[in-house]
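Residue numbers (my numbering): 93 to 496. What follows is a short report on a single structure.
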(Lines of atoms letter the chains of each structure in order from A and count residues from 1; the text may use other names and numbers.)
(Lines give C-alpha, C1' and ligand atoms only; values in the text may rest on other atoms or scores of the structure.)
Protein backbone atom coordinates (compact mmCIF):
# COMPACT_ATOMS: atom_id res chain seq x y z
CA UNK A 1 0.00 0.00 0.00
CA UNK A 2 1.41 3.38 -1.03
CA UNK A 3 1.43 6.30 1.40
CA UNK A 4 0.24 9.84 0.76
CA UNK A 5 1.85 13.26 1.14
CA UNK A 6 0.30 16.73 1.43
CA UNK A 7 2.04 20.12 1.28
CA UNK A 8 0.96 23.76 1.45
CA UNK A 9 2.71 26.61 -0.33
CA UNK A 10 2.54 30.34 -1.05
CA UNK A 11 0.54 32.97 0.79
CA UNK A 12 -1.87 31.45 3.32
CA UNK A 13 -5.63 31.85 3.10
CA UNK A 14 -8.39 31.41 5.61
CA UNK A 15 -9.59 28.31 3.71
CA UNK A 16 -6.32 26.49 2.93
CA UNK A 17 -6.71 24.32 6.03
CA UNK A 18 -10.27 23.44 5.02
CA UNK A 19 -8.81 21.99 1.82
CA UNK A 20 -6.15 20.19 3.88
CA UNK A 21 -8.92 18.70 6.01
CA UNK A 22 -10.80 17.63 2.89
CA UNK A 23 -7.72 15.85 1.53
CA UNK A 24 -7.20 14.07 4.85
CA UNK A 25 -10.86 12.98 4.87
CA UNK A 26 -10.64 11.82 1.25
CA UNK A 27 -7.46 9.86 1.94
CA UNK A 28 -9.06 8.11 4.90
CA UNK A 29 -12.07 7.16 2.81
CA UNK A 30 -10.22 5.89 -0.27
CA UNK A 31 -6.87 4.84 1.22
CA UNK A 32 -7.85 3.60 4.70
CA UNK A 33 -4.57 1.79 5.36
CA UNK A 34 -2.19 4.46 4.08
CA UNK A 35 -0.01 6.73 6.17
CA UNK A 36 -0.95 10.35 5.47
CA UNK A 37 2.12 12.52 5.76
CA UNK A 38 2.20 16.31 5.89
CA UNK A 39 5.31 18.10 4.66
CA UNK A 40 6.14 21.09 6.82
CA UNK A 41 6.83 24.23 4.77
CA UNK A 42 6.01 22.71 1.41
CA UNK A 43 8.83 21.58 -0.86
CA UNK A 44 11.36 22.64 1.76
CA UNK A 45 9.86 20.06 4.10
CA UNK A 46 10.25 17.36 1.47
CA UNK A 47 13.90 18.23 0.93
CA UNK A 48 14.52 18.23 4.69
CA UNK A 49 12.28 15.18 5.31
CA UNK A 50 10.40 17.28 7.84
CA UNK A 51 7.17 15.28 7.91
CA UNK A 52 4.31 14.89 10.35
CA UNK A 53 1.86 11.97 10.48
CA UNK A 54 -1.57 13.47 9.88
CA UNK A 55 -3.35 10.20 10.77
CA UNK A 56 -2.27 10.86 14.34
CA UNK A 57 -2.75 14.63 14.36
CA UNK A 58 -6.31 14.81 13.00
CA UNK A 59 -8.32 11.91 14.37
CA UNK A 60 -11.77 13.20 15.34
CA UNK A 61 -14.52 15.15 13.59
CA UNK A 62 -14.13 17.99 16.08
CA UNK A 63 -10.40 18.22 15.32
CA UNK A 64 -11.13 18.26 11.59
CA UNK A 65 -13.73 21.01 12.05
CA UNK A 66 -11.36 23.09 14.13
CA UNK A 67 -8.71 22.68 11.43
CA UNK A 68 -11.19 23.78 8.78
CA UNK A 69 -11.90 27.04 10.61
CA UNK A 70 -8.28 27.84 11.48
CA UNK A 71 -6.53 30.49 9.35
CA UNK A 72 -3.02 30.31 7.86
CA UNK A 73 -1.26 27.15 6.68
CA UNK A 74 -1.30 24.57 9.47
CA UNK A 75 1.60 22.70 7.86
CA UNK A 76 3.56 25.89 7.28
CA UNK A 77 4.33 27.35 3.88
CA UNK A 78 7.21 28.37 1.65
CA UNK A 79 7.99 30.39 -1.45
CA UNK A 80 10.43 28.28 -3.38
CA UNK A 81 10.88 28.14 -7.15
CA UNK A 82 12.20 24.86 -8.53
CA UNK A 83 14.80 25.13 -11.31
CA UNK A 84 13.67 24.98 -14.93
CA UNK A 85 16.29 22.31 -15.68
CA UNK A 86 14.75 19.00 -14.58
CA UNK A 87 18.19 17.37 -14.45
CA UNK A 88 19.16 19.44 -11.40
CA UNK A 89 20.00 17.33 -8.35
CA UNK A 90 17.14 18.83 -6.33
CA UNK A 91 14.70 16.70 -8.30
CA UNK A 92 16.63 13.51 -7.53
CA UNK A 93 16.52 14.47 -3.86
CA UNK A 94 12.75 14.99 -3.94
CA UNK A 95 12.00 11.74 -5.74
CA UNK A 96 14.42 9.82 -3.51
CA UNK A 97 12.39 11.07 -0.54
CA UNK A 98 9.16 10.02 -2.23
CA UNK A 99 10.63 6.52 -2.66
CA UNK A 100 11.94 6.32 0.90
CA UNK A 101 8.52 7.11 2.33
CA UNK A 102 6.69 4.97 -0.22
CA UNK A 103 4.66 7.93 -1.48
CA UNK A 104 2.06 7.03 -4.08
CA UNK A 105 0.37 10.43 -4.36
CA UNK A 106 1.43 13.99 -3.57
CA UNK A 107 -1.10 16.80 -3.14
CA UNK A 108 0.22 20.37 -3.28
CA UNK A 109 -2.13 23.13 -2.15
CA UNK A 110 -1.15 26.52 -3.56
CA UNK A 111 -1.57 29.31 -6.08
CA UNK A 112 0.02 30.31 -9.38
CA UNK A 113 3.64 29.72 -8.34
CA UNK A 114 2.79 26.48 -6.54
CA UNK A 115 1.21 25.11 -9.71
CA UNK A 116 4.59 25.72 -11.34
CA UNK A 117 6.06 23.28 -8.80
CA UNK A 118 3.33 20.73 -9.51
CA UNK A 119 3.92 21.03 -13.25
CA UNK A 120 7.70 20.51 -12.95
CA UNK A 121 7.38 17.54 -10.58
CA UNK A 122 4.75 15.98 -12.86
CA UNK A 123 7.04 16.31 -15.89
CA UNK A 124 9.95 14.87 -13.94
CA UNK A 125 7.86 11.90 -12.82
CA UNK A 126 6.81 11.25 -16.42
CA UNK A 127 10.42 11.54 -17.57
CA UNK A 128 11.48 8.98 -14.94
CA UNK A 129 8.55 6.65 -15.61
CA UNK A 130 7.56 7.09 -11.98
CA UNK A 131 3.87 6.23 -11.37
CA UNK A 132 3.45 8.68 -8.47
CA UNK A 133 0.32 10.80 -8.83
CA UNK A 134 0.90 14.52 -8.39
CA UNK A 135 -2.16 16.72 -7.99
CA UNK A 136 -2.34 20.52 -7.76
CA UNK A 137 -5.02 21.80 -5.40
CA UNK A 138 -5.74 25.52 -5.87
CA UNK A 139 -5.89 28.28 -3.28
CA UNK A 140 -5.47 32.04 -3.46
CA UNK A 141 -7.42 35.02 -2.23
CA UNK A 142 -6.49 36.75 -5.50
CA UNK A 143 -8.87 34.47 -7.46
CA UNK A 144 -6.47 34.71 -10.40
CA UNK A 145 -5.95 31.05 -11.35
CA UNK A 146 -7.34 30.32 -14.82
CA UNK A 147 -9.68 27.47 -15.77
CA UNK A 148 -11.47 27.43 -12.42
CA UNK A 149 -14.61 29.45 -11.72
CA UNK A 150 -13.01 30.79 -8.54
CA UNK A 151 -10.44 29.74 -5.96
CA UNK A 152 -10.69 28.48 -2.38
CA UNK A 153 -10.03 31.31 0.05
CA UNK A 154 -11.34 34.02 -2.25
CA UNK A 155 -14.93 33.88 -0.98
CA UNK A 156 -13.96 34.46 2.64
CA UNK A 157 -11.46 37.19 1.71
CA UNK A 158 -14.10 38.88 -0.46
CA UNK A 159 -16.56 38.68 2.43
CA UNK A 160 -14.01 40.35 4.72
CA UNK A 161 -13.30 43.10 2.18
CA UNK A 162 -16.98 43.78 1.45
CA UNK A 163 -17.81 43.81 5.17
CA UNK A 164 -14.89 46.05 6.11
CA UNK A 165 -15.60 48.51 3.29
CA UNK A 166 -19.24 48.67 4.37
CA UNK A 167 -18.20 49.38 7.96
CA UNK A 168 -15.62 51.99 6.93
CA UNK A 169 -18.24 53.75 4.81
CA UNK A 170 -20.59 53.92 7.81
CA UNK A 171 -17.83 55.33 10.02
CA UNK A 172 -16.69 57.96 7.51
CA UNK A 173 -20.20 59.32 6.99
CA UNK A 174 -20.61 60.71 10.53
CA UNK A 175 -18.84 64.05 9.94
CA UNK A 176 -20.13 66.83 7.63
CA UNK A 177 -16.66 67.91 6.43
CA UNK A 178 -15.54 66.53 3.03
CA UNK A 179 -13.22 63.53 3.37
CA UNK A 180 -11.67 60.78 1.24
CA UNK A 181 -10.73 57.39 2.70
CA UNK A 182 -8.59 55.25 0.39
CA UNK A 183 -8.51 51.53 1.12
CA UNK A 184 -5.71 49.40 -0.34
CA UNK A 185 -6.68 45.82 -1.12
CA UNK A 186 -4.50 42.86 -2.13
CA UNK A 187 -4.24 42.05 -5.82
CA UNK A 188 -0.97 42.47 -7.68
CA UNK A 189 -2.11 41.69 -11.21
CA UNK A 190 -5.81 40.90 -10.91
CA UNK A 191 -8.47 42.98 -9.19
CA UNK A 192 -11.05 40.37 -8.21
CA UNK A 193 -10.68 41.06 -4.50
CA UNK A 194 -10.82 44.83 -4.93
CA UNK A 195 -13.95 44.44 -7.06
CA UNK A 196 -15.67 42.75 -4.10
CA UNK A 197 -15.64 46.16 -2.37
CA UNK A 198 -18.73 46.90 -4.47
CA UNK A 199 -20.80 43.87 -3.41
CA UNK A 200 -22.74 45.68 -0.63
CA UNK A 201 -24.39 47.99 -3.15
CA UNK A 202 -26.32 45.04 -4.59
CA UNK A 203 -28.24 45.02 -1.31
CA UNK A 204 -28.63 48.77 -0.89
CA UNK A 205 -25.75 49.09 1.58
CA UNK A 206 -22.84 51.53 1.66
CA UNK A 207 -19.82 50.46 -0.35
CA UNK A 208 -16.82 51.88 -2.19
CA UNK A 209 -17.70 54.95 -4.27
CA UNK A 210 -14.75 54.41 -6.62
CA UNK A 211 -12.98 51.13 -7.44
CA UNK A 212 -9.64 50.90 -9.28
CA UNK A 213 -8.23 47.60 -10.55
CA UNK A 214 -4.78 46.76 -11.98
CA UNK A 215 -6.33 45.49 -15.23
CA UNK A 216 -6.48 49.05 -16.55
CA UNK A 217 -3.90 51.85 -16.45
CA UNK A 218 -4.33 54.27 -13.57
CA UNK A 219 -4.14 58.02 -14.13
CA UNK A 220 -3.69 60.29 -11.12
CA UNK A 221 -5.26 63.19 -13.05
CA UNK A 222 -8.35 61.13 -13.88
CA UNK A 223 -8.44 59.92 -10.27
CA UNK A 224 -8.56 63.51 -8.97
CA UNK A 225 -11.30 64.35 -11.50
CA UNK A 226 -13.27 61.33 -10.25
CA UNK A 227 -12.94 62.57 -6.66
CA UNK A 228 -14.16 66.06 -7.60
CA UNK A 229 -17.09 64.61 -9.54
CA UNK A 230 -18.13 62.35 -6.65
CA UNK A 231 -17.92 65.27 -4.21
CA UNK A 232 -20.86 66.79 -6.08
CA UNK A 233 -22.92 63.79 -4.94
CA UNK A 234 -21.71 63.31 -1.35
CA UNK A 235 -19.19 64.67 1.16
CA UNK A 236 -17.53 61.48 2.39
CA UNK A 237 -15.95 59.19 -0.16
CA UNK A 238 -14.53 55.68 0.20
CA UNK A 239 -12.14 54.57 -2.55
CA UNK A 240 -10.95 50.98 -3.09
CA UNK A 241 -7.63 50.49 -4.89
CA UNK A 242 -5.73 47.33 -5.78
CA UNK A 243 -2.18 47.22 -4.46
CA UNK A 244 -1.04 46.60 -8.04
CA UNK A 245 -2.43 49.74 -9.73
CA UNK A 246 0.01 51.20 -12.25
CA UNK A 247 0.26 53.98 -14.82
CA UNK A 248 0.43 53.61 -18.62
CA UNK A 249 4.18 52.98 -18.39
CA UNK A 250 3.67 50.09 -15.96
CA UNK A 251 5.04 52.01 -12.98
CA UNK A 252 3.47 50.62 -9.81
CA UNK A 253 2.08 53.18 -7.38
CA UNK A 254 2.74 50.85 -4.48
CA UNK A 255 6.19 49.58 -5.44
CA UNK A 256 8.68 49.29 -2.60
CA UNK A 257 11.07 52.25 -3.04
CA UNK A 258 14.01 49.91 -2.42
CA UNK A 259 13.04 47.82 -5.45
CA UNK A 260 12.84 44.62 -3.36
CA UNK A 261 11.56 41.48 -5.10
CA UNK A 262 10.49 38.06 -3.87
CA UNK A 263 12.00 34.74 -4.99
CA UNK A 264 9.67 34.62 -7.99
CA UNK A 265 10.76 38.08 -9.15
CA UNK A 266 7.61 39.90 -8.02
CA UNK A 267 8.10 43.50 -6.92
CA UNK A 268 7.24 43.96 -3.24
CA UNK A 269 4.14 46.15 -2.89
CA UNK A 270 2.89 48.49 -0.17
CA UNK A 271 1.81 52.10 -0.02
CA UNK A 272 -0.40 52.82 -3.05
CA UNK A 273 -3.25 54.10 -0.85
CA UNK A 274 -0.90 56.19 1.26
CA UNK A 275 0.56 57.93 -1.78
CA UNK A 276 -2.87 58.63 -3.24
CA UNK A 277 -4.11 59.98 0.07
CA UNK A 278 -1.23 62.44 0.18
CA UNK A 279 -2.04 63.43 -3.41
CA UNK A 280 -5.64 64.19 -2.44
CA UNK A 281 -4.57 66.28 0.56
CA UNK A 282 -2.04 68.20 -1.49
CA UNK A 283 -4.19 68.80 -4.56
CA UNK A 284 -7.80 68.96 -3.37
CA UNK A 285 -7.07 70.10 0.16
CA UNK A 286 -9.67 68.00 1.97
CA UNK A 287 -9.25 65.54 4.81
CA UNK A 288 -7.88 62.24 3.51
CA UNK A 289 -6.63 59.04 5.08
CA UNK A 290 -5.38 55.67 3.87
CA UNK A 291 -6.21 52.20 5.14
CA UNK A 292 -4.14 49.18 4.12
CA UNK A 293 -6.14 46.02 4.82
CA UNK A 294 -3.00 43.91 4.40
CA UNK A 295 -2.79 40.47 6.07
CA UNK A 296 -6.27 40.41 7.70
CA UNK A 297 -7.74 39.90 4.23
CA UNK A 298 -6.37 36.37 4.19
CA UNK A 299 -6.62 35.39 7.87
CA UNK A 300 -9.91 36.86 9.17
CA UNK A 301 -11.42 33.63 10.51
CA UNK A 302 -14.16 35.62 12.25
CA UNK A 303 -15.54 36.49 8.79
CA UNK A 304 -15.57 33.07 7.12
CA UNK A 305 -17.86 32.32 4.21
CA UNK A 306 -19.66 29.04 4.82
CA UNK A 307 -19.82 28.53 1.05
CA UNK A 308 -16.05 28.96 0.77
CA UNK A 309 -15.23 26.54 3.61
CA UNK A 310 -17.68 23.86 2.47
CA UNK A 311 -16.42 24.02 -1.11
CA UNK A 312 -12.78 23.96 0.02
CA UNK A 313 -13.32 20.75 1.99
CA UNK A 314 -15.09 19.14 -0.97
CA UNK A 315 -12.30 20.26 -3.31
CA UNK A 316 -9.79 18.40 -1.16
CA UNK A 317 -11.87 15.26 -1.41
CA UNK A 318 -12.11 15.71 -5.20
CA UNK A 319 -8.30 15.88 -5.40
CA UNK A 320 -7.96 12.52 -3.64
CA UNK A 321 -10.62 11.00 -5.90
CA UNK A 322 -8.63 12.12 -8.95
CA UNK A 323 -5.47 10.46 -7.65
CA UNK A 324 -7.40 7.32 -6.72
CA UNK A 325 -8.65 7.13 -10.32
CA UNK A 326 -5.05 7.17 -11.55
CA UNK A 327 -4.92 10.80 -12.69
CA UNK A 328 -1.82 12.96 -12.33
CA UNK A 329 -0.39 16.29 -13.48
CA UNK A 330 -3.73 17.99 -12.92
CA UNK A 331 -5.14 20.97 -11.05
CA UNK A 332 -8.61 20.43 -9.55
CA UNK A 333 -11.13 23.10 -10.55
CA UNK A 334 -14.53 24.52 -9.66
CA UNK A 335 -17.07 24.40 -12.50
CA UNK A 336 -20.12 26.63 -12.05
CA UNK A 337 -23.37 25.09 -13.22
CA UNK A 338 -25.48 27.14 -15.63
CA UNK A 339 -28.66 28.73 -14.34
CA UNK A 340 -29.75 31.31 -11.80
CA UNK A 341 -29.29 29.04 -8.79
CA UNK A 342 -25.64 28.99 -7.71
CA UNK A 343 -24.04 25.53 -7.63
CA UNK A 344 -20.69 24.04 -8.58
CA UNK A 345 -19.21 20.76 -9.73
CA UNK A 346 -15.56 19.69 -9.66
CA UNK A 347 -13.35 19.25 -12.70
CA UNK A 348 -9.67 19.31 -13.55
CA UNK A 349 -7.25 20.65 -16.14
CA UNK A 350 -3.65 19.76 -16.99
CA UNK A 351 -1.58 21.80 -14.55
CA UNK A 352 0.62 23.03 -17.41
CA UNK A 353 -2.35 25.14 -18.56
CA UNK A 354 -2.51 26.99 -15.25
CA UNK A 355 1.09 27.24 -14.02
CA UNK A 356 2.39 30.82 -14.16
CA UNK A 357 -0.84 32.00 -15.82
CA UNK A 358 -3.17 34.75 -14.56
CA UNK A 359 -6.94 35.12 -14.82
CA UNK A 360 -7.85 38.80 -15.04
CA UNK A 361 -11.13 40.59 -14.40
CA UNK A 362 -12.68 40.81 -17.89
CA UNK A 363 -12.42 44.30 -19.35
CA UNK A 364 -16.14 44.31 -20.14
CA UNK A 365 -16.83 44.30 -16.39
CA UNK A 366 -14.72 47.41 -15.78
CA UNK A 367 -16.81 50.51 -16.39
CA UNK A 368 -15.69 53.28 -18.78
CA UNK A 369 -13.15 55.50 -17.05
CA UNK A 370 -11.82 52.54 -15.05
CA UNK A 371 -13.23 53.71 -11.71
CA UNK A 372 -15.91 51.06 -11.02
CA UNK A 373 -17.10 47.57 -11.93
CA UNK A 374 -20.35 46.24 -13.31
CA UNK A 375 -23.23 44.94 -11.23
CA UNK A 376 -23.11 41.82 -13.37
CA UNK A 377 -19.63 41.04 -12.04
CA UNK A 378 -20.76 41.70 -8.47
CA UNK A 379 -23.69 39.32 -8.93
CA UNK A 380 -21.22 36.62 -10.01
CA UNK A 381 -19.11 37.17 -6.89
CA UNK A 382 -21.92 37.59 -4.36
CA UNK A 383 -22.80 33.86 -3.91
CA UNK A 384 -19.22 33.10 -2.87
CA UNK A 385 -19.50 35.09 0.39
CA UNK A 386 -22.77 33.56 1.57
CA UNK A 387 -23.22 31.74 4.87
CA UNK A 388 -21.86 31.94 8.40
CA UNK A 389 -19.55 29.57 10.23
CA UNK A 390 -19.98 28.77 13.92
CA UNK A 391 -16.26 28.38 14.58
CA UNK A 392 -15.13 26.90 17.92
CA UNK A 393 -14.29 29.46 20.59
CA UNK A 394 -12.75 29.60 24.03
CA UNK A 395 -13.39 32.48 26.44
CA UNK A 396 -14.84 34.52 23.58
CA UNK A 397 -11.82 34.03 21.32
CA UNK A 398 -11.44 31.74 18.29
CA UNK A 399 -9.89 28.35 18.96
CA UNK A 400 -7.19 27.62 16.40
CA UNK A 401 -6.10 24.05 15.73
CA UNK A 402 -2.36 23.48 15.61
CA UNK A 403 -0.49 20.60 14.02
CA UNK A 404 2.31 19.70 16.41
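No residue lacks a Cβ here, since even glycine has one placed at the ideal position from N, Cα and C.
Compute the distance between the beta-carbons of residue 438 and residue 158, then report whether it is under 8 Å.
no
I need the straight-line Cα distance from residue 406 to residue 345, nearest angstrom please.
39 Å
Leaving aside the five residues before and after residue 256 along the sequence, list all residues of the same chain whose C-beta is less than 7 Å from its C-beta, in chain order.
385
Can you grab the Cα-Cα spacing for the pair residue 491 / residue 151, in whole Å?
17 Å
Thinking C-alpha only, which one of 135, 266, 203 and 191 is nearest residue 223?
191
In the DSSP assignment, find the unbroken beta strand (DSSP E) run with residue 133 in it and report its ends.
Careful: residue 133 lies outside any beta strand (DSSP E) and carries neither H nor E.
Relative to the alpha-carbon of residue 300, which residue among 122, 459, 177 and 260 has its alpha-carbon at the smallest distance?
260
Would you report the Cα separation of residue 178 and residue 483, rounded to the nearest angstrom?
44 Å
Answer yes or no: do residue 203 and residue 390 have a C-beta to C-beta separation smaller than 8 Å?
no
From residue 444 to residue 109, what does the alpha carbon distance come to, in whole angstroms?
25 Å
Residue 279: which of 435, 268, 111 and 364 sits nearest, CA to CA?
364
Cβ neighbour criterion (16 or more within 10 Å) applied to residue 417
exposed
For residue 338, which residues in the same chain have their Cβ closer than 8 Å to its Cβ, ignoring the five residues on either side in sequence?
306, 309, 310, 344 and 345
I need the boundaries of the beta strand (DSSP E) containing residue 253, first residue and last residue.
First-last for residue 253: 246 to 264, but that is the alpha helix (DSSP H), not the beta strand (DSSP E).
Close beta carbons around residue 468, own chain, < 8 Å, minus the five adjacent residues each side
457
Ignore the nearest five residues each way along the sequence and tell me which others in residue 198's own chain have a CB closer than 6 Å to its CB.
97 and 226
Is the CB-CB distance between residue 403 and residue 436 below 8 Å?
yes
Residue 184, buried or exposed, once every other Cβ within 10 Å from all chains shown has been counted against 16:
exposed
For residue 495, which option in 117, 130, 124 and 115 has the closest C-alpha, if you only look at C-alpha atoms?
130
In the structure shown, what three-state DSSP assignment does residue 315 receive?
helix
Quick one: residues in its chain with C-beta nearer than 7 Å to the C-beta of residue 410, no 5 flanking neighbours on either side, listed in chain order?
424 and 438
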